[in-house]
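The sequence shown begins at 2 in the working numbering and counts up one residue at a time.
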Amino acid sequence: MDKFSEKDIVNYVDGEMDSAERNTFEAQLLHNQELQKEVALYRNIKATLQSHVADNRADAQFKNHLASLNKQYFNKQERASAKMRSLPWNKLWYVAAILVVGLLVWAPWNKNLYQQYSNTQMVSFAERGANDRSELQKATDAFNSGDFKKAKEILMPLLNNDQQNDVLRYYLGISQVETNEVKIGRINLSKVALGYSLLKYDATFYVALSYLKEKNESACKEWLHKIPSSASNYNKAQELLKKLN
Numbered sequence: 002m003d004k005f006s007e008k009d010i011v012n013y014v015d016g017e018m019d020s021a022e023r024n025t026f027e028a029q030l031l032h033n034q035e036l037q038k039e040v041a042l043y044r045n046i047k048a049t050l051q052s053h054v055a056d057n058r059a060d061a062q063f064k065n066h067l068a069s070l071n072k073q074y075f076n077k078q079e080r081a082s083a084k085m086r087s088l089p090w091n092k093l094w095y096v097a098a099i100l101v102v103g104l105l106v107w108a109p110w111n112k113n114l115y116q117q118y119s120n121t122q123m124v125s126f127a128e129r130g131a132n133d134r135s136e137l138q139k140a141t142d143a144f145n146s147g148d149f150k151k152a153k154e155i156l157m158p159l160l161n162n163d164q165q166n167d168v169l170r171y172y173l174g175i176s177q178v179e180t181n182e183v184k185i186g187r188i189n190l191s192k193v194a195l196g197y198s199l200l201k202y203d204a205t206f207y208v209a210l211s212y213l214k215e216k217n218e219s220a221c222k223e224w225l226h227k228i229p230s231s232a233s234n235y236n237k238a239q240e241l242l243k244k245l246n
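See below:
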């Protein structure tokens, strides 16, 4: 993950980076697939724990223990530094072990293939105008927190004003698929996939996932086969193909 540590990922997801740190992190997040996976993993762990812990007293004790670990190993002084040292392996292993206990209890891997492969992060683009940048940040925050309905509502007018923007179309398409507007989302994703955008094969993968969400495995495989070996997500596509066979 280059210069970013586990604590950087925690701080980013928890919204505890300053604007300069966040911009630097997101600039790399856009192109670094390993970092994207690590961020998605932490989001999944956090969401799983939060959704199962809130209403149960025993679970609340577990959540409090996690919070104490966060304070102990990810303290505010450490959060403030731009480059943070990784935790010593013995401490990191201890934190990981506690998380594994939670995962063994709640088994978040019991998700269907669509859910397993549909994790992505939206990155806002600072070169746009001030008003658009503000709206993009709102869309980014909504998208990355899983509020795809809100993200869709923000992205639609932005795309209407900029029909050639494949980035907006890509994230709008994903948001539509996530909110069960699968066919219209697939139309937007297909436009990106059939064009010449840098997101061409990312969109191709999500077109495949849109069919997978509808349990149409044959169409899903057809689109996965469109991803060439030169694409950055080729291995992921091949992995999903193997699971579908």
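Ideal Cβ placement from N, Cα and C applies to all residues, glycine included. The model shown is predicted, which means the values in this text are computed figures rather than measured ones.
For this session: Using a threshold of 8 Å, state whether the C-beta atoms of F206 and E179 are closer than that.
Result: Between F206 and E179, the gap from beta carbon to beta carbon reaches 8 Å or more.
Exercise. When you compare only the Cα positions, how much space is there between Q165 and K139?
Worked result: Going from the Cα of Q165 to the Cα of K139 covers about 21 Å.
Exercise. Tell me which same chain residues have a C-beta within less than 8 Å of the C-beta of L210, skipping the five on either side of it?
Worked result: The residues Y115, Y118, S119, V178, C221, in chain order, have a CB closer than 8 Å to that of L210 in the same chain once the five nearest residues on each side in sequence are set aside.
Problem set entry | Helix, strand or coil at P229 according to DSSP, with G and I counted as helix | Of the three classes helix, strand and coil, the one that applies to P229 here is coil, per DSSP.
For this session: Determine, using beta carbons only, whether L225 and L199 come nearer to each other than 8 Å.
Result: Here L225 is not near L199, since their CB atoms are 8 Å or more apart.
Exercise. Based on Cα-Cα distance, which residue from L195, E215, L137, K153 lies nearest to K227?
Worked result: When each option's Cα is compared against that of K227, the closest is L195.
Problem set entry | Three-state secondary structure (DSSP) of G186 | DSSP places G186 in helix when its eight states are reduced to three.
For this session: Determine the DSSP secondary structure at T141, reduced to helix, strand or coil.
Result: If DSSP states are grouped into helix, strand and coil, T141 belongs with the helices.
Exercise. For K8, is the beta carbon positioned less than 7 Å from some heavy atom of the ligand SAM?
Worked result: Among the components modelled here there is no ligand, and therefore nothing to report on the ligand SAM.
Exercise. First and last residue of the alpha helix (DSSP H) that includes F5?
Worked result: Element bounds for F5: n/a, residue is neither H nor E.
Exercise. Is DSSP giving Y212 helix, strand or coil here?
Worked result: Per DSSP, reduced to three states, the secondary structure at Y212 is helical.
For this session: Round the Cβ separation of K214 and V193 to the nearest angstrom and send it over; I've been treating them as touching at under 8 Å.
Result: With 8 Å as the limit, K214 and V193 do not qualify as a contact, their Cβ atoms being about 18 Å apart.
Problem set entry | Expected contact under 8 Å - CB spacing of A152 and S176 to nearest Å | With a Cβ gap of about 5 Å, A152 and S176 count as contacting.
Exercise. Taking the C-alpha atoms as reference points, what is the distance between F26 and T141?
Worked result: Near 14 Å, if we compare the C-alpha coordinates of T141 and F26.
Exercise. If we call anything under 8 Å between Cβ atoms a contact, is N162 one with G174?
Worked result: No.
Exercise. Taking the C-alpha atoms as reference points, what is the distance between A28 and L137?
Worked result: Whole-angstrom Cα-Cα distance: 15 Å.
For this session: Tell whether a beta-carbon distance below 8 Å holds between L36 and L42.
Result: Note that the C-beta distance between L36 and L42 is not below 8 Å.
Problem set entry | Cα-Cα separation between H32 and M123, rounded to whole angstroms | So the alpha carbons of these two residues sit roughly 11 Å apart.
Problem set entry | Range of the contiguous alpha helix (DSSP H) that encloses S20 | For S20, the enclosing alpha helix (DSSP H) stretches over residues 20–30.
Problem set entry | Candidates E223, R187, K201: closest to A232 by CA position | Minimum Cα distance to A232 is reached at K201.
Exercise. What did DSSP end up calling L195 once you bin it into helix, strand or coil?
Worked result: Residue state, collapsed to three classes: coil.
Exercise. Excluding sequence positions up to five away, which residues of its chain have a Cβ less than 8 Å from the Cβ of L159?
Worked result: Sequence-distant Cβ neighbours of L159 in its own chain, meaning closer than 8 Å and more than five residues away, are D133, E136, L137, A140, N166, L169.
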